[in-house]
Amino acid sequence: MQIQNSKKLAQFIAGMFGGTTFGIAGFLAMTGYGGNYGCWPLIDAIFHMQGYESCGSFGAISGILLGVLVGISVLSSIPISHYAKITKYLFLGTFILPFLYGVFMFWPPFEDGDMIIVAPIILVFMILSSIPSAIMTGILQAISILRKK
Numbered sequence: 346m347q348i349q350n351s352k353k354l355a356q357f358i359a360g361m362f363g364g365t366t367f368g369i370a371g372f373l374a375m376t377g378y379g380g381n382y383g384c385w386p387l388i389d390a391i392f393h394m395q396g397y398e399s400c401g402s403f404g405a406i407s408g409i410l411l412g413v414l415v416g417i418s419v420l421s422s423i424p425i426s427h428y429a430k431i432t433k434y435l436f437l438g439t440f441i442l443p444f445l446y447g448v449f450m451f452w453p454p455f456e457d458g459d460m461i462i463v464a465p466i467i468l469v470f471m472i473l474s475s476i477p478s479a480i481m482t483g484i485l486q487a488i489s490i491l492r493k494k
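So the sequence shown is numbered by the working numbering: it starts at 346 and just counts up by one.
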């Protein structure tokens, strides 16, 4: 039972890792696209905004959902014997990888106060990616329980 619990936690953290990294990347990519070219009318109508605001929101949401799916499926496809180690590394990577990106993006750090906002943004993306990660992990566990019966 211990392996099963650590596997569930590892899947959840892998979903958070993928959701956080893909969510931030999708947000930045789509914000740049929407700021330069405008966003599609359907997305503008869904989010009731225009340009980079609606494209950024769409990129963040779609990036989080895609990242959760990629993170959990990559972890599930690799044979792992020690899920506790993987969980620790993924949890550290969930925060450190986007933080390093923020350091390189706003170099030199702490000059204009840009880095002060990076940590709260990462935490918001972690919280937002934990919801679909928990749902996806629960669905996978329900499927595995139903297959055993």
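Glycine included, each C-beta is placed from N, C-alpha and C at the ideal position.
These numbers come from a predicted model, not from an experiment.
- A straight-line Cα-Cα distance of about 20 angstroms links P386 and G408.
- The count of Cβ pairs closer than 8 angstroms, one atom from the stretch 379–396 and one from the stretch 433–450, stays below three, leaving the stretches out of contact.
- For T376, same chain residues with a beta-carbon under 7 angstroms away, outside a window of 5 residues either side, are Y397, C400, G401 and G404 in chain order.
- Boundaries cannot be given for M394, as no alpha helix (DSSP H) includes it and DSSP labels it neither H nor E.
- Going by DSSP, K433 is part of the alpha helix (DSSP H) stretching over Y428 to M450.
- Contact fails between the stretch 369–383 and the stretch 472–492, because fewer than three Cβ pairs, one in each stretch, are under 8 angstroms apart.
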